[in-house]
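Engineer:
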């Protein structure tokens, strides 16, 4: 058995790194309620502000210029239209929106969204419950007038019994990046096949879906549509309790409804250590080789070919992808579709009552002409040989040190990965830290600064330190 390097004795070093990565400012706490309480200024629970008060959120934004802020949502039902958070947040000072651990802060409104983020940053959602008759998404994240929504964490929240959500529980769209969804519960969500627990589309990147529970939805459960950048789906449980809900658990579809097509596959991902369990029966008359059911992980094209690629297969191409030398099939899949399996890591997953584990499929919809073949190919054996390396203890510590420097010494706007490279330039530590960057999937993304990196890194480091070995 290989053992991870143990650094249990170095807790003083860890404490220094953790302390340095924490904010050096006093935490400010404010309060909101479904209706204003007392003076309504948000300074205490007895004077909680109305949760959609524009003046209150302007005050929160001003307070964030001085240090981190927590807004506590008092127990109650939040049903007064959508809470818009537009250009809220600070790159260094985290805004935490927190309900009680009992889940008594409940969003339940008959509007398009419960909460909508637009051009906001560095926000943590904790212990909130979303339920009831919302129409589109319970929580939606998108850019606003060129400003992306970024560095968002959703943890310990519940998205339960959302029967009218046309699109699903969480939407992550367009110029949105560095989003972490972890330790949440999703159950009984959605209205029709267009609903998803998490719906990501058209260009977001660095999306982390970790240790959640997903149960029962009529559409594909977690979707990454059209050139979503790097993403992870790690340590989650997926469960379908009815035959009609045996849709793909993790999907990478494209919907090319114009000719030529304008969508392309997402192709940089880690999907590992998940439990995928279907109901043991499929709907009557359904064949997973022909219908989008019973496939735990699926790449699928619906519609026309996009420039440079042949998504619609001939019978000969389909046969060549199904049979023969594995490396030749991997190369052919990349040539035809752009799916680069060298960037696709799928391992350590548990499959229960799953007819097809990993598939590629194409259906000639939207008036696209058929090339003579339609259906889904099992490509499981093409992706099962990949291995995602574990970072070393040294890499974890050096990354914490780099984040400490980024927090306290970096020029404003300098990307964390750039500072990490500069801080250790010319030394072996640079190579180790950048190796961690690759091994952990680029959570210190060179494409932009990482406002909640401290929390994400420490969240990964602490279980490693406590375990000491594997």
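Residue numbers (this note's numbering): 1 to 470. Heads up, the beta-carbon is just placed ideally off N, CA and C, and yes, glycines get one too.
(1) Determine the DSSP secondary structure at residue 347, reduced to helix, strand or coil.
(2) Would you identify the three-state DSSP class for residue 330, choosing helix, strand or coil?
(3) Quick one: grab the DSSP three-state call for residue 61.
(4) Near residue 269, what residues of its chain come up, given a Cβ to Cβ distance below 6 angstroms and the 5 sequence neighbours on each side ignored?
(5) Roughly how many angstroms separate the alpha carbons of residue 337 and residue 62, rounded to a whole number?
(6) Give the secondary structure of residue 365 by DSSP, where H, G and I count as helix, E and B as strand, and everything else as coil.
(7) Can you tell me whether residue 29 is helix, strand or coil according to DSSP?
(8) Terminal residues of the continuous beta strand (DSSP E) containing residue 296?
(9) Measuring only the C-alpha atoms, how far is residue 28 from residue 48?
(10) Among 225, 137, 144, 201, which residue has its Cα nearest to the Cα of residue 186?
(11) Measuring CA to CA, which of 165, 279, 302, 329 is closest to residue 226?
(12) In three-state terms, what does DSSP make of residue 232?
(13) State buried or exposed for residue 340, treating a residue as buried only when at least 16 other CB atoms are found within 10 Å of its CB.
(14) Please identify the residue among 30, 58, 334 whose C-alpha is closest to the C-alpha of residue 310.
(15) Since residue 215 is in the beta strand (DSSP E), which residue starts that stretch and which ends it?
(16) Using the C-alpha atoms, what's the distance from residue 120 back to residue 207?
(17) Taking just the CA atoms, how far does residue 319 sit from residue 107?
(18) Nearest-angstrom Cα distance between residue 100 and residue 284?
(19) Taking residue 217 as the reference, which of 204, 245, 236, 210 has the closest Cα?
(20) Name the residue from 90, 77, 220, 266 whose alpha carbon lies nearest to the alpha carbon of residue 114.
(21) Taking C-beta to C-beta, are residue 148 and residue 176 nearer than 8 angstroms?
(22) I need the straight-line Cα distance from residue 192 to residue 168, nearest angstrom please.
(23) Within the same chain, show all residues whose beta-carbon is closer than 6 angstroms to that of residue 201, passing over the 5 residues directly before and after it, in chain order.
(24) When you compare the CB positions of residue 98 and residue 70, do they come within less than 8 angstroms of one another, or not?
(25) So, under 8 angstroms CB-CB, residue 170 and residue 139 are touching, yes? Tell me the CB distance rounded to an integer number of Å.
(26) With distances taken Cα to Cα, identify the nearest neighbour of residue 194 among 222, 382, 203.
(27) Which one or two residues does DSSP pair with residue 531 in a beta bridge?
(28) If distances are taken between C-alpha atoms only, which option among 263, 274, 267 comes closest to residue 239?
(29) Can you tell me whether DSSP reads residue 35 as helix, strand or coil?
(30) By how many angstroms is the C-alpha of residue 126 removed from the C-alpha of residue 534?
(31) Considering only C-alpha positions, which residue in the set 321, 377, 296 is nearest to residue 354?
(32) Any idea what DSSP makes of residue 165, helix, strand or coil?
(33) Would you kindly check if the distance between the Cβ of residue 124 and the Cβ of residue 96 is under 8 angstroms?
(34) Let me know the secondary structure DSSP gives residue 128 once reduced to three states.
(35) Measure the alpha-carbon distance for residue 188 versus residue 298 and round it to whole angstroms.
(36) Quick one, which of 361, 59, 51, 74 has its alpha-carbon nearest residue 290's?
Structural biologist: Put simply:
(1) What you label residue 347 is simply residue 347 of the chain shown in a count that begins at 1. It is a strand residue.
(2) By 1-based counting over the chain shown, the position of residue 330 is 330. If DSSP states are grouped into helix, strand and coil, residue 330 belongs with the helices.
(3) Locating residue 61 in the chain shown gives position 61, counting from the first residue. Three-state result, residue 61: helix.
(4) Along the chain shown, one-based indexing puts residue 269 at 269. Only 231, 344 meet the Cβ criterion.
(5) Within the chain shown, the letter at position 337 stands for residue 337. Within the chain shown, the letter at position 62 stands for residue 62. Using only the alpha carbons, I get a separation of about 48 angstroms.
(6) Within the chain shown, residue 365 is the residue found at index 365, counting from 1. Correct three-state label for residue 365: coil.
(7) Translated into the one-based positions of the chain shown, residue 29 becomes position 29. Strand, per DSSP.
(8) Here the question's residue 296 lines up with position 296 in the chain shown. Segment 295–303, the beta strand (DSSP E) holding residue 296.
(9) Counted from its first residue, the chain shown places residue 28 at position 28. Counted from its first residue, the chain shown places residue 48 at position 48. Those two C-alpha atoms are separated by around 14 angstroms.
(10) In the chain shown, the residue the question calls residue 186 occupies position 186. Here the closest residue by C-alpha is 137.
(11) As a position in the chain shown, residue 226 is number 226, starting the count at 1. The option with the nearest alpha carbon to residue 226 is 302.
(12) Reading the chain shown from its first residue, position 232 is the one you call residue 232. Three-state DSSP puts residue 232 in a strand.
(13) Walking along the chain shown from the start, residue 340 turns up at place 340. Its Cβ having fewer than 16 others within 10 Å, residue 340 is exposed.
(14) Within the chain shown, numbered from 1, the residue matching residue 310 stands at position 310. Nearest of 30, 58, 334 to residue 310, Cα basis: 334.
(15) Your numbering for residue 215 matches position 215 in the chain shown. Residue 215 -> beta strand (DSSP E) spans 213–215.
(16) Position 207 of the chain shown, counted from the first residue, corresponds to residue 207. Position 120 of the chain shown, counted from the first residue, corresponds to residue 120. So the alpha carbons of these two residues sit roughly 16 angstroms apart.
(17) Locating residue 107 in the chain shown gives position 107, counting from the first residue. Locating residue 319 in the chain shown gives position 319, counting from the first residue. Going by the C-alpha atoms only, they are around 50 angstroms apart.
(18) Counting from 1 along the chain shown, the entry for residue 100 is found at position 100. Counting from 1 along the chain shown, the entry for residue 284 is found at position 284. Distance between the alpha carbons of residue 100 and residue 284 is about 44 angstroms.
(19) Locating residue 217 in the chain shown gives position 217, where the first residue counts as 1. Ranking 204, 245, 236, 210 by Cα distance to residue 217 puts 245 first.
(20) Taking the first residue of the chain shown as position 1, residue 114 is located at position 114. Minimum Cα distance to residue 114 is reached at 77.
(21) In the chain shown, counting from the first residue as 1, residue 148 sits at position 148. In the chain shown, counting from the first residue as 1, residue 176 sits at position 176. Contact flag set, yes.
(22) If you number the chain shown from 1, residue 192 lands on position 192. If you number the chain shown from 1, residue 168 lands on position 168. Using only the alpha carbons, I get a separation of about 10 angstroms.
(23) As a first step, residue 201 is located in the chain shown; it is residue number 201 there, counting from the start. The residues are 173, 225, 226.
(24) Counting from one through the chain shown, the residue named residue 98 turns up at place 98. Counting from one through the chain shown, the residue named residue 70 turns up at place 70. For residue 98 and residue 70, yes; Cβs fall inside 8 angstroms.
(25) Position 170 of the chain shown, counted from the first residue, corresponds to residue 170. Position 139 of the chain shown, counted from the first residue, corresponds to residue 139. Right, the Cβ-Cβ distance comes to about 5 angstroms (below 8 angstroms), so this counts as a contact.
(26) Counted from its first residue, the chain shown places residue 194 at position 194. Of the listed residues, the one whose Cα sits closest to residue 194 is 222.
(27) What the structure shows of the chain is the stretch from 1 to 470, and residue 531 is not part of that stretch, so it cannot be assessed.
(28) Taking the first residue of the chain shown as 1, we reach residue 239 at position 239. Looking at the Cα atoms, 274 is the closest of the given residues.
(29) For the purposes of this step, residue 35 is identified with residue 35 of the chain shown, where counting begins at 1. Note: residue 35 maps to coil in three-state DSSP.
(30) Residue numbering for the chain in the displayed model covers 1 to 470; residue 534 lies beyond these limits and cannot be assessed.
(31) For the purposes of this step, residue 354 is identified with residue 354 of the chain shown, where counting begins at 1. Of 321, 377, 296, the residue nearest in Cα terms is 296.
(32) Position 165 of the chain shown, counted from the first residue, corresponds to residue 165. Residue 165: coil per DSSP, three-state reduction.
(33) Position 96 of the chain shown, counted from the start, is the residue given in the question as residue 96. Position 124 of the chain shown, counted from the start, is the residue given in the question as residue 124. Yes, Cβ-Cβ distance for residue 96 and residue 124 is below 8 angstroms.
(34) Against the chain shown, residue 128 aligns to sequence position 128. Three-state result, residue 128: coil.
(35) In the chain shown, residue 188 corresponds to position 188, counting from 1. In the chain shown, residue 298 corresponds to position 298, counting from 1. Taking the straight line from one Cα to the other gives about 22 angstroms.
(36) Taking the first residue of the chain shown as position 1, residue 290 is located at position 290. The shortest Cα separation from residue 290 among 361, 59, 51, 74 belongs to 361.
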